[in-house]
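Protein chains in written order, with the numbering used here: chain A, 1 to 198; chain B, 199 to 286.
Ideal Cβ positions, reconstructed from N, Cα and C, are used throughout, including at glycine.
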Amino acid sequence: MTAEARSRPADAPAQRTPALPGDAGMWVFVLGDMVIFGVYFIVFMVYRGHEQAVFLASQRHLSLASGAVNTLVLLAGSRFAALAVAAARAGDDRRASRLIGWCGICGVAFLLVKAREWYSLVSAGRTVTRNNFYMFYYAFTGVHLFHVLMGLVVLGVMLAELRRPAGRRTWLIEAGAIYWHMVDLLWIILFALLYLMR
Amino acid sequence: MKGTVTSRITWTWALLSALTMVSWALAATRRFTPSTAVTIVVLAIAAVKTRTVIRQFMEVRVAPRWLRRATDAWLAVLMAAIIGLYLW
């Protein structure tokens, strides 16, 4: 069915959009990462079930505001990334570059808020060895932070691609944005598990 | 056409941000005690937000059926496991 839709002549404008947003390689990576994080989340819930009181007591010391602000920051970044894809498809590369820049600013803001949160926790003696909750907290937020850093590299690749004078590949811009949205959606679940649930 | 695309993106972002504020406010009402009601609602909101990012921002809504099914299956299995383990 997919192959049929792809091979159809471009008489209907809707059929011209690629069947798979971005490219297959990026989706393999994204789906793989989602499965790996999914397993982490389930392991976290198993431990939480065994040590509910410890997890709830430790969770009180996280900054709910920091978690929420960082969620809003990543969502804003996702909006800019999605708008950049729309601009790139419309051929407006200058606008796409500017929007990717704004997305990058959101990424840097996320890192700063997270660094501040880690600093205040560590200063209060709430380090990775304190208990299982903090072990999961630092492991999850650390791995996620690495994804945000990689996201900034991806945004750089997207900017470089938009500056290529000849043969700019729109699918590469789409693939970069898909990566960024994955970083966003993993944080949405992390925010719920670490900061929100009671 | 372009106006429709950008306004769809912005509306999606506004919805996701509003849902974030709701779950933030909800969690702030119960900072020190367990609450099944708060937990179920914040997890449900997280599930809606996650699916919205996948369908709208990642454009899975117009992707091949295998990708729509795979992402929905991932979310359904994950959320069922999380809520099941929480209640158990």
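The stretch 175-184 of chain A makes contact with the stretch 71-87 of chain A; the number of CB pairs closer than 8 angstroms reaches 3 or more. Residue 93/A sits in a helix when the DSSP states are folded into three classes. Counting C-beta atoms within 10 angstroms of its own C-beta, residue 194/A has 16 or more neighbours from the protein chains shown and is therefore classed as buried. The beta carbon of residue 248/B sits closer than 8 angstroms to the beta carbons of 273 from its chain, once the five residues preceding and following it are set aside; these are given in chain order. If the five residues before and after residue 172/A are omitted, its C-beta is found closer than 6 angstroms to the C-beta atoms of 161, all from its own chain and listed in chain order. DSSP places residue 197/A outside both helix and strand once states are collapsed to three, so it counts as coil. The alpha-carbon separation between residue 56/A and residue 92/A amounts to approximately 49 angstroms. The contact set of residue 34/A on chain B, defined by CB atoms closer than 7 angstroms, consists of 272 in chain order. Annotation for residue 20/A: 27 place their beta carbon closer than 7 angstroms to its own, counting only its chain and skipping 5 residues before and after. For the 8 angstroms CB-CB criterion, residue 284/B and residue 237/B form a contact. Under the three-state reduction of DSSP output, residue 184/A falls in the helix class.
Under a criterion of Cβ atoms nearer than 8 angstroms, the residues of chain B adjacent to residue 184/A are, in order, 251 and 255. Within the model, the alpha-carbon separation for residue 95/A versus residue 167/A is close to 18 angstroms. For residue 220/B, the nearest beta carbon of chain A is not closer than 8 angstroms to its own beta carbon. Around the beta-carbon of residue 144/A, 16 or more other beta-carbon atoms lie within 10 Å, marking it buried. Close partners of residue 226/B in chain A (Cβ separation under 7 angstroms): 64.
Apart from sequence neighbours up to five positions away, the residues of its chain that approach residue 132/A with a beta-carbon distance below 8 angstroms are 47, 51, 54 and 55, ordered along the chain.
Under the 8 angstroms criterion on CB atoms, residue 229/B is classed as interfacial with respect to chain A.
The beta-carbon distance between residue 279/B and residue 42/A, rounded to whole angstroms, is 5 angstroms. This is short enough to meet the 8 angstroms contact definition. Take the alpha-carbon of residue 201/B and the one of residue 32/A: they are about 34 angstroms apart. If you look at residue 132/A, you'll find it in the alpha helix (DSSP H) that goes 132-162.
Buried is the label assigned to residue 221/B, since at least 16 other Cβ atoms lie within 10 Å of its Cβ. Taking the C-beta atoms as reference points, residue 215/B is found no nearer than 8 angstroms to residue 111/A. Sequence-distant partners of residue 157/A (beyond 5 residues in either direction) whose C-beta falls short of 7 angstroms from its own C-beta, in its chain, are 176. Secondary structure at residue 270/B: helix, using DSSP grouped into helix, strand and coil. In this structure, residue 224/B lies near residue 239/B, with their beta-carbon atoms less than 8 angstroms apart.
Note on geometry: alpha-carbon atoms of residue 275/B and residue 84/A lie some 32 angstroms from one another.
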